[in-house]
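Here this note's numbering = 1-based position in the sequence shown + 39.
Report on the structure given below.
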Amino acid sequence: MEIEEIARLVVDCGFNIHKQLGPGLLETVYEAVMAKLLADSGFRVERQKQVPIVFGGLQFEEGFRADLLIEGRVLVEIKSLENLAPVHGKQVLT
40 MEIEEIARLV VDCGFNIHKQ LGPGLLETVY EAVMAKLLAD SGFRVERQKQ VPIVFGGLQF
100 EEGFRADLLI EGRVLVEIKS LENLAPVHGK QVLT
């Protein structure tokens, strides 16, 4: 499956979860529901996937944790907040 198709299905899933559950729940709730629905649809889903950071030729496993990694190719960072700040976009790009 092409990465664009995976991304489209992930976004559709997130939209449907938001329509059904509404806003205001903890990010962990949305994460658990999305992971379950995507896994039930046949996707390989990893939750709280540790992403290492490389600095000066050294690798540190304590980089950060991705909320969801779908098929090892699509990173999902779940946010449950009123407004996105510039730091949120930078968090994903990093």
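Ideal Cβ placement from N, Cα and C applies to all residues, glycine included.
Just so you know, these numbers come straight off a predicted model, no measurement behind them.
Asked                                                                : Found
Simplified DSSP assignment, three categories, for G102               : strand
Collapsed DSSP secondary structure at F94 in the structure displayed : strand
Identity of the residues DSSP links to V113 by a beta bridge         : I109
I92 vs G102 beta-carbon contact at 8 Å                               : yes
Nearest-angstrom Cα separation, counted from G61 out to A71          : 15 Å
Which of helix, strand or coil DSSP assigns to R86                   : strand
Under the three-state DSSP convention, the category M73 falls into   : helix
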